[in-house]
Every structure is written in C-alpha cells, then in structure tokens.
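K.L.:
Numbering (the numbering used here), first residue to last: 1 to 341. Ideal Cβ placement from N, Cα and C applies to all residues, glycine included.
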C-alpha cells in the first residue's frame with residue numbers, strides 16, 4: 001500500500017511537471033498543484049502525519065485504565081483554572097489524546113491524555129454550558145506507546161502530583177517492561193536514579209501514606225526523608241505504628257498536623273526507641289536527651305560539670321513550650337542552689 005501511494009504521488013508530480021502539458025496562465029495554480037503533489041508524497045513516505053481531530057460528546061469517552069491521573073480526585077477546585085480558561089476562550093484550545101474503542105457500546109473513545117480537560121468540559125456541560133464539546137485528537141496506539149505519550153505530556157505539568165506519577169510508573173514497570181527498571185528508564189529517557197525515587201514513593205506502605213491528609217501531598221522530597229526510617233525492622237515497626245496512629249486520630253476528628261513536613265517530622269521522631277524521661281544524672285559525660293511527658297525531646301544536655309551545664313534547646317523536637325519550661329525548671333532545681341530566704 002505504501003509503495004502504491006508513493007507511485008501515485010510520484011505520478012501526480014510527474015504529470016504536473018510533464019513538458020507535454022500546456023503552459024498554465026496562472027503561477028498560483030501551478031503552486032497549488034505542486035504543493036498538493038508534495039503533500040501527497042510526504043504522506044506516502046511518512047514524513048507528514050495526518051491526524052484526525054474531532055469535537056465530540058465527552059460522555060462517549062472513558063478513561064484509559066493506564067491513565068496516570070487520579071480521575072476520582074478531580075474536583076471543581078482542582079480544575080478551576082482550566083474551567084475559567086475554557087469559559088473565557090469559549091472553546092477548548094488543546095485537544096486531548098484519545099484512541100478509538102470497539103468493545104464498549106457506551107463509549108467510542110478512551111482518553112489517553114487529557115483527564116482534566118475531559119472533566120472540565122463535562123462539568124461545564126452540566127453547569128449551563130450544554131453546547132461545549134470535547135476536542136480530541138485520535139491516535140492508533142499500543143498500551144506502551146500510550147503510556148509514553150501520556151507521560152511525556154504530563155511530566156512537566158504542575159497540576160499532577162508526584163504520587164499520581166509514581167503510581168503510574170510502578171504500574172507501567174511490570175505491565176510494559178517486565179519489571180526491568182533500566183529498560184524502562186531508557187524508553188522514557190530518564191535516569192535510573194530519577195525513576196527509582198518515584199518507584200520508592202509508589203511503594204511506600206499504606207500505613208505511611210495514610211498518615212497524610214492526602215497521599216497527593218507526598219512528594220519526591222518526602223520519600224527521601226521517609227525511606228531511611230524504614231530500616232532496620234524495629235524502626236520500621238515504630239514508624240508504621242505512628243502512621244496508623246496519625247491516620248486514626250485524623251479519622252476520629254482529633255487535631256493532627258496537616259502539613260506534610262510536620263507529618264514526616266512525627267514519623268522521624270517515632271523511628272527511634274523512646275528515651276528515659278526526666279533529667280539525666282550529673283554524670284557530665286555523653287550528651288543525653290531530655291524528653292517531656294509526651295515523650296518528645298525538649299533539650300539535650302551536652303556537658304555537665306562543676307563549673308556549669310551546657311544545653312541545647314530543641315524547639316522543633318515535637319514538645320510543647322510548657323514541657324520545655326517544666327524540664328528547665330527541673331534542671332534548675334537540680335543544679336542551681338536554692339537562694340536563702
């Protein structure tokens with residue numbers, strides 16, 4: 001078929017340029033025909049790709065099972081910028097990427113890339129904009145090609161979370177690359193270390209991800225802080241236990257830190273075995289930690305001798321100021337002679 005197309009294009013071009021033809025009265029006409037011949041030749045040789053773009057009803061689309069965005073997590077708030085842009089433009093400017101399906105009577109296409117666009121157009125159609133149509137570009141793609149195409153489009157986007165991308169990479173690793181991380185990194189043109197960080201994020205236990213207000217709050221910078229806490233086994237057990245405690249407290253409506261950095265800090269504090277409470281004896285040797293009634297570190301006694309005591313306050317150790325004041329008062333009672341009445 002390709003050879004036939006090439007022959008057809010070449011024949012048409014030859015016919016246009018044949019010396020037996022009568023001279024044309026218009027150079028414009030010659031230009032149009034020559035341009036058409038060149039375009040046909042480009043299509044035949046594959047140097048020009050002719051892609052179908054259509055405006056369709058978004059209800060006739062379903063999400064591809066390998067789509068890297070958490071469609072259920074989309075909301076008016078998360079899509080507000082795109083909704084406002086669509087309303088201002090009066091149309092969708094950038095087409096979503098879809099492929100045609102034939103095994104579903106309720107849908108004609110599945111969305112490879114463009115979940116937010118699909119959600120936003122659907123939302124507008126149900127909120128006083130019934131004439132909005134979903135702009136799509138139709139491709140013929142294998143699952144692996146669809147994965148790479150979707151990844152390329154979404155990699156630079158800030159509106160997709162690290163956690164969504166990480167889970168997509170972990171799924172693709174087994175689905176398309178037989179668990180071979182090096183092969184996958186080469187195919188998607190990233191370093192193995194870069195890919196490893198995302199895979200580590202996707203592999204975090206549910207007891208850890210559940211400790212956060214939303215798993216979408218987790219980023220690559222957080223996994224580099226959490227991963228060292230999960231070894232050896234005894235530290236891992238304490239960290240997982242703290243993660244379950246935070247998740248349960250949040251479910252019970254208790255006051256729990258919302259910022260990811262604060263959650264990571266609590267997990268890190270739980271990693272090490274609890275230390276004895278109270279002020280250490282006046283040994284004056286190795287630095288020792290002083291913890292409050294909650295078990296969080298208040299300060300560290302670095303040096304204690306006859307001439308004085310050197311301490312380091314730990315305002316970010318997780319203890320309250322009240323606990324710090326109590327610990328300092330106890331330390332003063334121990335090392336400072338009482339004033340005579």
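Let's test the definition: count the other Cβ atoms within 10 Å of the Cβ of residue 261 and tell me whether it reaches 16, buried, or not, exposed.
P.N.:
For the purposes of this step, residue 261 is taken as residue 261 along the chain shown, with counting starting at 1. Residue 261 is exposed by the Cβ-count criterion.
K.L.:
Can you tell which of 187, 143, 270, 263 has the C-alpha that lies nearest to the C-alpha of residue 67?
P.N.:
For this step, residue 67 is matched to residue 67 along the chain shown. Considering only alpha carbons, the answer is 143.
K.L.:
Could you give the distance in angstroms between the alpha-carbon of residue 320 and the alpha-carbon of residue 255?
P.N.:
Counted from its first residue, the chain shown places residue 320 at position 320. Counted from its first residue, the chain shown places residue 255 at position 255. C-alpha separation (whole angstroms): 15 Å.
K.L.:
Would you mind listing the beta strand (DSSP E) stretches within the region 79-148 that are 3+ residues and don't spill past its ends, in chain order?
P.N.:
DSSP runs (the beta strand (DSSP E)) wholly in the region 79-148: 96-100, 109-113, 134-138.
K.L.:
From residue 301 to residue 252, what distance separates their C-alpha atoms?
P.N.:
Within the chain shown, the letter at position 301 stands for residue 301. Within the chain shown, the letter at position 252 stands for residue 252. Each residue's alpha carbon lies about 37 Å from the other.
K.L.:
Alpha carbons only, please: which of 108, 53, 154, 164 is nearest the one belonging to residue 219?
P.N.:
Numbered from 1 along the chain shown, position 219 holds the residue referred to as residue 219. Answer by Cα proximity: 164.
K.L.:
What does the alpha-carbon distance come out to for the pair residue 236 and residue 230?
P.N.:
Taking the first residue of the chain shown as 1, we reach residue 236 at position 236. Taking the first residue of the chain shown as 1, we reach residue 230 at position 230. Taking the straight line from one Cα to the other gives about 4 Å.
K.L.:
Is residue 146 near the ligand FAD, going by C-beta to nearest heavy atom under 8 Å?
P.N.:
This structure simply doesn't include the ligand FAD, nor any ligand for that matter.
K.L.:
Do you know how far the Cα of residue 303 is from the Cα of residue 327?
P.N.:
As a working mapping, residue 327 is identified with position 327 in the chain shown. As a working mapping, residue 303 is identified with position 303 in the chain shown. Rounded to the nearest angstrom, the two C-alpha atoms are 16 Å apart.
K.L.:
I want to know whether the region 103-121 touches the region 129-136 - three or more CB-CB distances under 8 Å.
P.N.:
With a cut-off of 8 Å, the region 129-136 and the region 103-121 count as touching, because enough Cβ pairs lie within range.
K.L.:
Note down, in chain order, each residue of its chain lying with its Cβ closer than 8 Å to the Cβ of residue 329, except the 5 sequence neighbours on either side.
P.N.:
Looking up residue 329 in the chain shown gives position 329. Excluding sequence neighbours, residue 329 sits near nothing in its chain.
K.L.:
According to DSSP, simplified to helix, strand and coil, what is residue 54?
P.N.:
Position 54 of the chain shown holds residue 54. Three-state DSSP puts residue 54 in a strand.
K.L.:
Just checking my contact of residue 148 with residue 187 at CB under 8 Å: how many whole Å lie between their CB atoms?
P.N.:
Within the chain shown, residue 148 is the residue found at index 148, counting from 1. Within the chain shown, residue 187 is the residue found at index 187, counting from 1. Residue 148 to residue 187, Cβ: 7 Å. Contact.
K.L.:
Quick check on this structure: which residue in 190, 271, 109 has the alpha carbon closest to the alpha carbon of residue 64?
P.N.:
If you number the chain shown from 1, residue 64 lands on position 64. Of 190, 271, 109, the residue nearest in Cα terms is 109.
K.L.:
Can you tell me where the alpha helix (DSSP H) with residue 320 in it begins and where it stops?
P.N.:
Walking along the chain shown from the start, residue 320 turns up at place 320. Per DSSP, residue 320 belongs to no alpha helix (DSSP H) and is neither H nor E.
K.L.:
Starting from the C-beta of residue 313, find all residues in its chain whose C-beta is less than 8 Å away, skip the five residues before and the five after it, and write them out in chain order.
P.N.:
Here residue 313 corresponds to residue number 313 of the chain shown, with the count starting at 1. If we look at residue 313 and ignore the five residues flanking it on each side, its Cβ neighbours are 298, 299, 324.
K.L.:
Residues in its own chain within less than 8 Å of residue 199 by CB, not counting five upstream and five downstream?
P.N.:
Counting from one through the chain shown, the residue named residue 199 turns up at place 199. Around residue 199: 166, 169, 170, 173, 181.
K.L.:
In whole angstroms, what is the alpha-carbon distance linking residue 282 and residue 308?
P.N.:
What you label residue 282 is simply residue 282 of the chain shown in a count that begins at 1. What you label residue 308 is simply residue 308 of the chain shown in a count that begins at 1. The predicted position of residue 282 is uncertain, since its pLDDT is 48 and thus under 50; a value taken from the coordinates is nonetheless stated next. Whole-angstrom Cα-Cα distance: 11 Å.
K.L.:
Please classify residue 23 as buried or exposed, where buried requires at least 16 other C-beta atoms within 10 Å of its C-beta.
P.N.:
Taking the chain shown and counting its residues from 1, the one referred to as residue 23 is at position 23. Low per-residue confidence applies at residue 23: pLDDT is 43, beneath 50, and the placement is therefore not dependable enough to give any value.
K.L.:
Are residue 217 and residue 244 close, meaning C-beta to C-beta below 9 Å?
P.N.:
Taking the first residue of the chain shown as position 1, residue 217 is located at position 217. Taking the first residue of the chain shown as position 1, residue 244 is located at position 244. Not in contact: residue 217 and residue 244 (Cβ atoms no closer than 9 Å).
K.L.:
Got a sec? Which residues, its chain only, sit under 8 Å from residue 197 by beta carbon, not counting five neighbours each side?
P.N.:
By one-based count along the chain shown, residue 197 stands at place 197. Result list for residue 197: 220, 223, 224, in chain order.
K.L.:
With DSSP as the reference, label residue 297 as helix, strand or coil.
P.N.:
Taking the chain shown and counting its residues from 1, one reaches residue 297 at position 297. If DSSP states are grouped into helix, strand and coil, residue 297 belongs with the strands.
K.L.:
Distance check for residue 269 and residue 296, CA to CA, integer angstroms please.
P.N.:
If you number the chain shown from 1, residue 296 lands on position 296. If you number the chain shown from 1, residue 269 lands on position 269. Going from the Cα of residue 296 to the Cα of residue 269 covers about 8 Å.
K.L.:
What does residue 313 pair with, by DSSP beta-bridge criteria?
P.N.:
Against the chain shown, residue 313 aligns to sequence position 313. Partner(s): 299.
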